[in-house]
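So for the sequence shown, UniProt numbering puts the first residue at 1; every next one is plus one.
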Amino acid sequence: MTNAAQTTTDALSRVLGRTFGLYVQTHGYHWNVVGPEFRRLHAAFEEQYNDLWNALDDIAERIRSLGAHAPGSLAELTGLAGASPAPAQSAEAMVGALMAGHEALIEELRRAIASAQQDGDEPTVGLLSDRTAWHQKQLWMMKAARA
């Protein structure tokens with residue numbers, strides 16, 4: 001593997017870890033949300049965690065297609081996930097924490113895109129650009145629901 005490919009797979013691994021962290025957080029909120037917005041948020045969180053779960057496979061398979069091993073243990077993934085947010089108790093706090101999680105992941109995706117662009121890795125740029133667009137849409141929808 002070239003140094004350029006290693007830089008991109010390292011960036012993809014960080015995206016994988018952050019995606020895993022946001023998946024776990026979102027699924028936990030799905031289980032624990034309460035209040036007048038329960039039904040809407042329960043469904044929205046389920047939609048999000050399902051997409052995040054599927055994205056994990058796409059990102060890990062991209063790492064493998066570049067010749068590296070994808071982080072596959074809980075310790076590896078949580079080590080790459082970033083800081084764990086404090087458990088949110090209210091629906092409003094959950095939405096706020098998820099917004100922060102999506103924002104952090106968008107920043108990680110932007111760094112990974114820059115790395116893949118520098119390496120001339122267009123398939124990775126495409127995958128990460130699609131993920132960025134999805135996270136931006138989720139962020140917009142949560143912000144619009146709070147307005």
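All residues carry an ideal CB built from backbone N, CA and C; glycine is no exception.
Check                                                                                                                                               : Outcome
Roughly how many angstroms lie between the CA atoms of leucine 105 and alanine 88, to the nearest whole one?                                        : 19 Å
Checking 8 Å against the spacing of the C-beta atoms, do leucine 52 and threonine 19 come in under that value?                                      : yes
Ordered along the chain, which non-local residues of its own chain (more than five positions away) have a Cβ less than 6 Å from that of serine 115? : Thr7, Thr8, Ala11
State the Cα-Cα distance for the pair alanine 75 and alanine 81, rounded to the nearest angstrom.                                                   : 10 Å
So, with DSSP's three-state summary, where would you put aspartate 121?                                                                             : coil
On the criterion of 16 or more Cβ atoms from any shown chain inside 10 Å, does histidine 69 qualify as buried, or is it exposed?                    : exposed
Taking the alpha helix (DSSP H) that glutamate 76 belongs to, which residues open and close that run?                                               : 74-80
Short check: CB of threonine 26 to CB of leucine 139, under 8 Å?                                                                                    : no
Would you check if the distance between the CB atom of leucine 16 and the CB atom of leucine 66 is smaller than 8 Å?                                : no
Closest by CA to isoleucine 63, which one among Thr132, Gly35, Pro123?                                                                              : Pro123
When you compare only the Cα positions, how much space is there between proline 86 and tyrosine 49?                                                 : Note that residue 86 is alanine in the sequence shown here, rather than proline. Their backbone Cα atoms lie some 18 Å apart in a straight line.
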